[in-house]
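Novice:
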Amino acid sequence: MNSTLHTKFTLSPVDVESRRKLEFRTGDTVRVWVKVLEDAEKKKYRLQAFEGMVLARKHGKETGATFTVRKVASNVGVERIFPLYSPMIDKIELVKRSVVRRSKLYYVRDKAVRDVRRKLKQTRMGGGSTKDFEATQVPVEAESNEAVAE
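Mapping to UniProt numbering: the sequence shown position 112 is 112, numbers consecutive.
Put into structure tokens, the structure is as follows:
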């Protein structure tokens, strides 16, 4: 009996080798394409992009590895934790590299909130309406026209 058995086992629908070779770090901006179930009866999926900054990578490259991505949508911070080898992730694109000196960037959560608050305070303090702005601008233009006529 000299039979050789050539079988290829597929334990995961994910290409583990390509995911293991991904070289993105904390601080990089990535675009994660996620499969979203649209119609359960027909098993239809659509791709949805989630683009943001990587705040953390946990558990290295083992099977339980995860990474956290944060984006700001409508002045609200949204974070999502993705398993690295999830079959619901279609692909991961590296958008922008950045150099950071920390392995976890959780402090960005507080910093972003402070920046948003500062911007809101500036718009409130600026105040006024567009009518007030137009009323102050008209005399300035009239003075410049008189100077040209002389």
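For each residue, glycine too, the CB sits at the ideal point set by N, CA and C.
Keep in mind it's a predicted model, so treat the numbers as computed, not measured.
Using C-beta distances below 6 Å, list every residue in its chain close to Pro87, excluding the 5 sequence neighbours before and after it, in chain order.
Specialist: Stepping through the sequence shown from its first residue, residue 87 is reached at position 87. Closer than 6 Å at the Cβ level, and outside the excluded window around Pro87, lie Pro13, Val14.
Novice: Using DSSP with H/G/I as helix, E/B as strand and the rest coil, what is Gly127?
Specialist: By one-based count along the sequence shown, residue 127 stands at place 127. The pLDDT assigned to Gly127 is 44, lower than 50, so where the model puts this residue is not dependable; a value taken from the coordinates is nonetheless given after this. It is coil, neither helix nor strand.
Novice: If you reduce the DSSP assignment to three classes, tell me which class Val16 lands in.
Specialist: Locating residue 16 in the sequence shown gives position 16, where the first residue counts as 1. Reduced to three states, the DSSP call for Val16 is helix.
Novice: Excluding five sequence neighbours on each side, which residues of the same chain lie with their C-beta closer than 7 Å to the C-beta of Leu22?
Specialist: The residue given as residue 22 occupies position 22 in the sequence shown. Taken in chain order, the residues that qualify are Ile92.
Novice: Fully enclosed by the region 44 to 87, which beta strand (DSSP E) runs are 3 residues long or longer?
Specialist: 44 to 58, 66 to 73, 76 to 83
Novice: Is the region 74 to 87 touching the region 59 to 66 in the sense that three or more CB pairs, one from each, lie closer than 8 Å?
Specialist: yes
Novice: I'd like to check one pair, Lys71 with Glu51: are the Cβ atoms closer than 8 Å?
Specialist: Numbered from 1 along the sequence shown, position 51 holds the residue referred to as residue 51. Numbered from 1 along the sequence shown, position 71 holds the residue referred to as residue 71. In contact: Glu51 and Lys71 (Cβ atoms closer than 8 Å).
Novice: Give me the Cα-Cα distance between Arg25 and Ser103, rounded to the nearest whole angstrom.
Specialist: Numbered from 1 along the sequence shown, position 25 holds the residue referred to as residue 25. Numbered from 1 along the sequence shown, position 103 holds the residue referred to as residue 103. Cα-Cα distance, rounded: 8 Å.
Novice: In whole angstroms, what separates the C-alpha of Asp115 from that of Val78?
Specialist: For the purposes of this step, residue 115 is taken as the residue at position 115 of the sequence shown. For the purposes of this step, residue 78 is taken as the residue at position 78 of the sequence shown. Cα to Cα, the separation comes out at about 16 Å.
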